[in-house]
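Peer 1: Okay, handing you the structure first.
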Amino acid sequence: MSLKYVPLYACLALLSACSARPWVPYVEPAPGTDTAQLRVITNGEVRGGVYEGCVGNEQGLAKAGRFGENRQPAINYPQSPQVPPKLDMPARFAPKLNDYLGVTSMAEGLYSEIVAEYRVPAGKPFVLSREMLQAGSYGSTYMQCPEQAQVFTFEKGKNYEVYMGINSVTASDGTSQVKCPFAVYELVSFGTQGLTLPRTLQSREPSTQKCPAR
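Using mature numbering (1 follows the signal peptide of the UniProt record, and there is no 0), the letters of the sequence shown correspond one by one to residues -22 to -1, 1 to 192.
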């Protein structure tokens, strides 16, 4: 997908539609529940929750915030959680996601990757969703990644990594193009040197039915 030229009001309309959904922080399963460990890497917004045949009630796993000079966080665009939780997990496999400008309030700084680690239910369908993302520039262009969701089932005691966001790459003709990574895989450790490799994880499309409001 190439950069697109749009009027500012169109960007604002899209942002308003995207931000209408409230951000409810994720709550881990109760003690004694069978769990897996999940690392969430994003420079956007990722939500998740036990899948019950409908979508829309997923909880917030990680939301990238904006940072200015010297990594000072922007008050109006905080990351969530502000202090990302960490677990004893294998080394990450995925490369770092790019920092990027938002399409509005560019003086507020760049959106920057967040990494958070959670316990998630094992043996139950779990839906993961990436919210629609838009990255701006100092010209009249923006990049966009659509909302996307998939359902996964995690195994007890295993480690998984989520890699979702937006990246800009330079094509062979010199133009900028957008990449929209959406990947979930098991982390498999090899040997004693801390080598970690990904193992493909099967997934399926969720229903388009909306969950009743809670």
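For every residue, glycine included, the Cβ atom is placed at its ideal position computed from N, Cα and C.
Fair warning: this is a prediction, and the values are worked out from it, not measured in the lab.
For a minimum of 3 consecutive residues, which ranges assigned as the beta strand (DSSP E) are wholly contained in the stretch 123 to 155?
Peer 2: Here the runs fully enclosed are 126 to 131, 137 to 142, 145 to 148.
Peer 1: If you reduce the DSSP assignment to three classes, tell me which class A40 lands in.
Peer 2: A40 falls in the strand class under three-state DSSP.
Peer 1: Determine the DSSP secondary structure at A14, reduced to helix, strand or coil.
Peer 2: Three-state DSSP puts A14 in a strand.
Peer 1: So, with DSSP's three-state summary, where would you put E23?
Peer 2: Note: E23 maps to strand in three-state DSSP.
Peer 1: Using the three-state DSSP reduction, which class does R108 fall into: helix, strand or coil?
Peer 2: Correct three-state label for R108: strand.
Peer 1: Distance check for M110 and A52, CA to CA, integer angstroms please.
Peer 2: If I take the Cα positions, the gap works out to 21 Å.
Peer 1: Where does A8 fall in DSSP's three states?
Peer 2: In this structure, A8 counts as coil in the three-state DSSP scheme.
Peer 1: How long is the line joining the alpha carbons of G101 and S115, rounded to whole angstroms?
Peer 2: The alpha-carbon atoms of G101 and S115 are separated by roughly 43 Å.
Peer 1: Alpha carbon to alpha carbon, how far is A72 from residue 216? Give it in angstroms, no decimals.
Peer 2: This structure cannot settle anything about residue 216, because the visible part of the chain is limited to -22 through 192.
Peer 1: Taking the Cβ atom as the reference point for each residue, do V24 and V33 lie within a distance shorter than 9 Å?
Peer 2: No; because the gap between Cβ atoms is not below 9 Å, this pair is not in contact.
Peer 1: DSSP three-state call for M67: helix, strand or coil?
Peer 2: Of the three classes helix, strand and coil, the one that applies to M67 here is coil, per DSSP.
Peer 1: Report back the beta-carbon spacing between F104 and G26 to the nearest angstrom; my notes put them in contact at under 8 Å.
Peer 2: Indeed, because the Cβ distance is near 6 Å, the residues count as touching under 8 Å.
Peer 1: Is there at least one Cβ from chain B nearer than 9 Å to E95's Cβ?
Peer 2: Judged by its chain identifiers, the structure shown contains no chain B, having just a single protein chain.
Peer 1: Quick check: the Cα distance between L(-20) and A113, rounded to an integer number of angstroms?
Peer 2: The predicted position of L(-20) is uncertain, since its pLDDT is 39 and thus under 50; a value taken from the coordinates is nonetheless stated next. In a straight line, the C-alpha of L(-20) is about 10 Å away from that of A113.
Peer 1: Do you know offhand how far residue 195's Cα is from R(-2)'s?
Peer 2: With the chain covering -22 to 192 only, the question about residue 195 has no answer from this structure.
Peer 1: Measuring only the C-alpha atoms, how far is R177 from F160?
Peer 2: Roughly 15 Å between the two C-alpha positions.
Peer 1: Inspect the beta-carbon positions of E95 and L75 and report whether they are closer than 9 Å.
Peer 2: Result no, Cβ atoms of E95 and L75 do not sit closer than 9 Å.
Peer 1: Measuring straight from C-alpha to C-alpha, what distance separates L(-9) and L79?
Peer 2: Low confidence applies to L(-9): its pLDDT is 44, below 50, so where it sits in the model is not reliable, and the reading given next is rough at best. One C-alpha to the other measures close to 16 Å.
Peer 1: Hey, how far is the Cα of P184 from the Cα of N48?
Peer 2: Cα to Cα, the separation comes out at about 41 Å.
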